Every structure is written in C-alpha cells, then in structure tokens.
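If you're matching positions, the sequence shown starts at 237 in the numbering used here and goes up one per residue.
Since the structure comes first, as structure tokens, the remarks are kept for the end.
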Amino acid sequence: MSIQINHENTISFERPLTRVVKQNVVITNPNDKPIAFKFKTTAPKLYCVRPNSDFVPPGGTIDVQIMLQSQQEEPDMNFKCKDKFLILSALVSDKTEDKNITDFWSYVEDNDKKSIHERKLRCVYVPNGTNTHSAKSNHVEAAPATPVAPASPAARSIPSSTQESTNQSQEEKMKKMEEELEMYKRQVKNLREAEPVVVEKLEVKSGFPPSTSYTAPNHLPFKDGISWASFEYLTQLAKKEDGPKSVSIIPVGITYSTKNRWRSEMVVEYGDPIVQTLDDLEEFHNDPKKSVKILTDRIAKGVERSTINSPDWDTSHAASEARFILFGDSRGVRLEEYVHVSQSFVSLFHPKNTDNKEAIYYKERMKLKERLLMFSKNLKSLRLNAGDISMYENQEITMTRATLRLVSTWMGLVVQIPLFLPGIIINSPFYILGRLIDSYEPYTESVSQDKLIFSFFLAIPVYGTLIWLLWKLTGYGLISLIFVLMLLPLFAWYHMALIDKNYDMLKQVIASWRIFIAITSGTTGVDADWTHSREALEDCVRLRRWCRDQTKVLIYNLAKEGDEEAQYLVDYGKPLFESLIHDDEKQQ
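Below, the structure is given as structure tokens:
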C-alpha cells in the first residue's frame, strides 16, 4: 500500500554547503492503483522540493529533486544535522480519483487519515566525494513498516528514452529556478539590510500584510516580514549606546463598507501598540523562529480586533443579512461603529455557537442562521434586497400598494431628471465601464482599483473632448478656456452631490417595477425559472418578518445571559429592543 523510494533512512548532501546541493529521490508505485505522495520537512526555508506532491500511476516512477539552499558559512565537520523529511503517501480511491493533488490531500487528511502511510528520511551532511545514496545503487526498497501490495500485471514502467527526456527537462527547469531563487535571495537580503536604515531615518515604516474580508471571509495568514524587520531594527538599536531601546508596532485595520462602489466609505482603526524591548531581543537570539512566530501572531490578533473576520462565507452572509434586517444597509450603521456591529453579528452565528450543543441557545442560533441564508438566496433569485420589501412587513402585498409605490417612486425620479440628466449623459462612459468591470472582474478586492485605473485613462479623451467643445462654443479665447477649466470642478461637485440620492431613487424604481410585475403577472418576465414570483415574494416578506423578530429576541435573551456582543447590540440599537425591555419589566 506504500510507495518505494531509493533511500533507506537517510538522505545525504555533499559538502561544501555554501552552494546549492541537489539530491534525487526516486519514488516508485508498486500498486495496481495510482498513489499520491507529499513531502514535508522540518526546515522548509532550507530545502526546495520539486515536485512537492503529485500522483504516481500504477507501476510508474517519478523523480523528485531536493535542493539544499546555499548557506552563508560552511557548518563544522562535527555538526549533526537535525533536519528531517516526512514522505506521506495514500492510494487514490473512487472518492478521490477526480480530485487534484491539493484537494486530494485536503480530503484525505480530514476524512481518511488511516489510509496515509509515512516514511521518514533524516538529512546527513557528508564530505565531498562520499556516495550520497543511502541505499545501494539502483536499489529500491519499500518502507519496512508497511506491507506492499503486489504490482498489477498491467502495470508498466516509463520507457527509458521518455525518462531521460523528462529528467533533462526537469534539470533545465531546476537550473532556471535555482538562478531565480538566488536572485530573489539577494533582493530579500538587500531589502532586509535597507529596512533598519529606512526606519532610522524616517522613524516610521508601514507594512502591508495580506488581509481581506472580501475575496475570503477572513484575513489570510500573515507573513513574518514585519516581525523579522522589527527584530533586525531592534538589534541595530541594541548596538548603539544612546537612543531608543524599543520598537513599537501599531496594528491598523482598514475596512470598506462597500469596496466595489465608487467613493465607498472606509473605516480605519488603530490597535494598541505592540512594544518590543531588549528582553524580547534576548529571547529572539535564543530561538529566532519561535520569537518571530509569536510576534506575527500578536500582530495578526491586533488587526483582527480592528477588522471584520468570519470563519466561513455562510456565517458572513447570515451576519450581513441580520444586520441589514435590523439596521438597514451599511449607511444605517454609524461608520465608527460599523466594524464592531458587523463583528458582533458574526459572533452571534459563529460555528462554535451554532454547532456546539453546550453553547447558549445553540438551536435557536442554528435555526435562525439557516433561515437567514434561505432568505438571502430567495432575495437574490428575485433580484431584490431586504430593504426593498421592508415596507410590506406590517402590510399585505396588494396590487394597489404596489401600483402606488411604483408611481410615487417614478414621479419622484422624473422630477429630478432635468437636474442630473446632463451629468449622467456626460459621465455615461464611466458608468458603462463600471458595469463591465463588475461583470468581468471575479475578485471584489480588485473592482475598485480596476475602476480607478480604467477611469483615469478614459477621463483623458472624455473630458478632453468636453473641454474642446466648450472652448469651441465660446470662441477659442484665453478667458473662455480659463472659465471652462474652472467650470469642470464645479460640474464634478454638482454631479456627485446629486448622483447618490438619485441613484438610490433609481434603484427604488427598479425594485418597485419588479415587485409590480411579480404581483400582476406572477413572473418577473425575464427568466422561466422565476415563475410564481408573487408566491416567492410573499414568502420572502414572511421570512423577513420572522427573521427580524427572532433576531431581536435572540440578541435580547443572550444579553440577559451576559453575552458581551449581544449586550453591545442591545445598547447600540436600544429603540429596537424597547418593546422587549418593556415586556420584561412587566413580567418582573
């Protein structure tokens, strides 16, 4: 059931180690099914493994090249290397045969750990000229701890000519990778040497670790660059007799309320400073990697406290829908409270509170979360949002109400059209461009920057043409040109002052039209899958009403049980909970 490799228990690397040292591991699959392998090492920064993981066909072999990166100084001859490799292997089953190598190992490690076989190799540094193979030449031996199934008669080996060409191709790729790796190492070294100088001159340096709440529901794992830089700068300070003897790192969280919109609002929160002193430097010298990891973890937690992070998308969507139902869209929450309010709802529906039977009100949380996700899905199918149907929470959906709403919203928009229509016409290329970017850009993180970049280049011909036309109409005079140039900023301000309000009004007209069509014809008239939309609309209204009431009751009950996040939401939205507070006081 295991793989066979051309090493027994050790893998040797010839000195000198101040150069890149390569070693090959030949992996053979003696089974009648494909097998997957994956390399792990205790020193990932020292070794480069290619391929790190892959599938081996029945009876096939694959060459894995391990590169020991060049070291700055040659280790002592008596130095005992403690580095190790762990080679994992598992047979491909019917459930995993369609998965790629990454998904395969994710599935196996989560659901079928018993099928994983392990083989360990200890790294050894040997003198130059020593036989680097731990086993005899061309000898392949199976892992002694695991019985190996006999190979299928149908299994075949790769032809020698194919193997040679494959090896040659891999050698060329590895050589190119070695050159690139050396170049990157030099660049990193130069950057690390420059960082203390920059910090010393400017007395401040900003770092941008990967963090997101849009492409992923939480921030990505933080890299260690900031931590290494802080310890290196602290080392420079320790060598000086005077001057500061500490480094302060301030976590900063940046959150956008709607990042893919024009001129979206942004919340910037500064966390408590993380102060590194000479005592921390002493611990760093004792165990650099551990100290760096601890500092990186502290930075990550500091940023987490200032941003919105959810364990999964379902929790994020349920929390957003609950916030929308209670407080309206992002503009319904005070900007300075936006992060705390949003994160409090995330905590309300966190899996540790919905999947854990020991959590308070876990059944109520789980049921409410499921209904919120169902509500969100139904709204998307109707192309509406929770605010579009809010007026029907306490009234019946009738033809009369739908007609009156459509007429009133349309008349309100018609009155405003003469005021903002010129701006819409002139800026229509930008709005068309924005719609195209929304349609084709898959990552929310990139929508705004794409709009900014393309709009900048589009603005040159659009506004250049506008300036030329106005200048032409005014007779090509110098005074008229100055007047036109002064008029443009005023026009931009006028357009932005009107567009937000009227854009929201336009969305209300569109929503009213969809509701009207749903009630009159029973379908949106756009897609056959949206038939019986009146029934779906009525279901959404009932579901919204239920979710609103249950969310308020759940938050209030949790607050009475001492839940800090729930108590914060009750204090923030106190008018919404007055009826519950009044009923509770009556019962007491």
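The C-beta atom is built at its ideal place from N, Cα and C for all residues, glycine as well.
Predicted model, so just to flag it, every value in this text is computed and none were measured.
Alpha-carbon spacing of residue i relative to residue j, whole angstroms
{"i": "residue 422", "j": "residue 608", "result": "52 Å"}
{"i": "residue 755", "j": "residue 714", "result": "60 Å"}
{"i": "residue 506", "j": "residue 486", "result": "7 Å"}
{"i": "residue 575", "j": "residue 749", "result": "34 Å"}
{"i": "residue 695", "j": "residue 677", "result": "20 Å"}
{"i": "residue 542", "j": "residue 618", "result": "35 Å"}
{"i": "residue 274", "j": "residue 334", "result": "18 Å"}
{"i": "residue 634", "j": "residue 777", "result": "13 Å"}
{"i": "residue 564", "j": "residue 668", "result": "28 Å"}
{"i": "residue 790", "j": "residue 329", "result": "45 Å"}
{"i": "residue 250", "j": "residue 605", "result": "59 Å"}
{"i": "residue 285", "j": "residue 686", "result": "36 Å"}
{"i": "residue 296", "j": "residue 246", "result": "23 Å"}
{"i": "residue 832", "j": "residue 302", "result": "Because the chain in this structure spans residues 237 to 824, residue 832 falls outside the shown range and cannot be described."}
{"i": "residue 584", "j": "residue 545", "result": "13 Å"}
{"i": "residue 368", "j": "residue 528", "result": "In this predicted model, residue 368 has a pLDDT of only 45, less than 50, meaning its place in the structure is not dependable; the value taken from the coordinates is given anyway. When rounded, the distance between both Cα atoms is 34 Å."}
{"i": "residue 492", "j": "residue 503", "result": "6 Å"}
{"i": "residue 294", "j": "residue 348", "result": "21 Å"}
{"i": "residue 449", "j": "residue 455", "result": "With a pLDDT of only 49 at residue 449, under the threshold of 50, the placement of this residue in the model should not be trusted, and no figure is reported."}
{"i": "residue 287", "j": "residue 478", "result": "51 Å"}
{"i": "residue 568", "j": "residue 809", "result": "11 Å"}
{"i": "residue 801", "j": "residue 602", "result": "17 Å"}
{"i": "residue 387", "j": "residue 525", "result": "At residue 387 the pLDDT is 40, less than 50, meaning the model places this residue with poor confidence and gives no usable figure here."}
{"i": "residue 592", "j": "residue 599", "result": "9 Å"}
{"i": "residue 179", "j": "residue 700", "result": "With the chain represented from 237 up to 824, any question about residue 179 goes unanswered, as that position is not in the structure."}
{"i": "residue 510", "j": "residue 534", "result": "8 Å"}
{"i": "residue 815", "j": "residue 799", "result": "20 Å"}
{"i": "residue 338", "j": "residue 642", "result": "52 Å"}
{"i": "residue 470", "j": "residue 513", "result": "8 Å"}
{"i": "residue 252", "j": "residue 589", "result": "56 Å"}
{"i": "residue 651", "j": "residue 738", "result": "10 Å"}
{"i": "residue 342", "j": "residue 336", "result": "10 Å"}
{"i": "residue 304", "j": "residue 415", "result": "14 Å"}
{"i": "residue 259", "j": "residue 474", "result": "41 Å"}
For residue i, the first and last residue of its enclosing beta strand (DSSP E)
{"i": "residue 354", "result": "353-362"}
{"i": "residue 239", "result": "Careful: residue 239 lies outside any beta strand (DSSP E) and carries neither H nor E."}
{"i": "residue 260", "result": "257-264"}
{"i": "residue 637", "result": "That residue, residue 637, is in no beta strand (DSSP E); its alpha helix (DSSP H) goes 635-662."}
{"i": "residue 272", "result": "271-277"}
{"i": "residue 489", "result": "488-492"}
{"i": "residue 324", "result": "320-327"}
{"i": "residue 304", "result": "297-304"}
{"i": "residue 250", "result": "246-250"}
Unbroken alpha helix (DSSP H) run spanning residue i, endpoints
{"i": "residue 813", "result": "Looking at the DSSP string, residue 813 is not in any alpha helix (DSSP H), and its letter there is neither H nor E."}
{"i": "residue 563", "result": "549-563"}
{"i": "residue 516", "result": "514-522"}
{"i": "residue 770", "result": "769-796"}
{"i": "residue 579", "result": "574-584"}
{"i": "residue 344", "result": "337-347"}
{"i": "residue 602", "result": "598-618"}
{"i": "residue 462", "result": "461-475"}
Close beta carbons around residue i, own chain, < 6 Å, minus the five adjacent residues each side
{"i": "residue 691", "result": "666"}
{"i": "residue 536", "result": "458"}
{"i": "residue 624", "result": "747"}
{"i": "residue 241", "result": "261 and 263"}
{"i": "residue 820", "result": "none"}
{"i": "residue 538", "result": "487 and 507"}
{"i": "residue 460", "result": "528 and 532"}
Test: residue i CB closer than 8 Å to a CB of chain C
{"i": "residue 625", "result": "Considering every chain present, this structure includes no chain C. It has just one protein chain."}
Cβ shell of residue i (< 8 Å), same chain only, five flanking positions each side left out
{"i": "residue 309", "result": "254"}
{"i": "residue 774", "result": "633"}
{"i": "residue 277", "result": "283, 285, 319, 320, 321 and 322"}
{"i": "residue 614", "result": "772, 775, 776 and 779"}
{"i": "residue 500", "result": "492, 493, 494 and 684"}
Same chain, Cβ closer than 7 Å to residue i, neighbours up to 5 away in sequence not counted
{"i": "residue 698", "result": "665"}
{"i": "residue 744", "result": "645"}
{"i": "residue 702", "result": "662"}
{"i": "residue 648", "result": "741"}
Whole-angstrom C-beta distance between residue j and residue i, which should lie under 8 Å
{"i": "residue 270", "j": "residue 300", "result": "Incorrect: roughly 16 Å between the Cβ atoms, too far for contact."}
{"i": "residue 289", "j": "residue 327", "result": "About 15 Å separates the two Cβ atoms, so there is no contact after all."}
{"i": "residue 805", "j": "residue 578", "result": "That pair is no contact at about 11 Å."}
(request) Determine, using beta-carbon pairs with one atom in the stretch 460-477 and one in the stretch 541-549, whether at least three such pairs fall under 8 Å. (result) Not touching, per the Cβ criterion.
(message) Under 8 Å, with one C-beta from each stretch per pair, do the stretch 651-658 and the stretch 729-740 reach the 3-pair mark?
(response) The stretch 651-658 vs the stretch 729-740: in contact.
(request) Taking 8 Å as the threshold, find out whether the stretch 780-789 comes into contact with the stretch 625-633 through three or more Cβ pairs. (result) The stretch 780-789 and the stretch 625-633 touch, with no fewer than 3 CB-CB distances between them shorter than 8 Å.
(message) Is it the case that the stretch 719-729 contacts the stretch 610-625, given that we only count it when at least three CB pairs across the two stretches are under 8 Å?
(response) Segment contact: the stretch 610-625 against the stretch 719-729, fewer than three CB-CB distances shorter than 8 Å; contact not assigned.
(request) State whether the stretch 515-522 contacts the stretch 565-572, with contact taken as three or more CB pairs (one from each stretch) at a distance under 8 Å. (result) At 8 Å Cβ cutoff, the stretches do not touch.
(message) Count Cβ pairs between the stretch 346-363 and the stretch 310-323 that sit closer than 8 Å; are there 3 or more?
(response) In short, these stretches touch, since the Cβ pair count reaches three.
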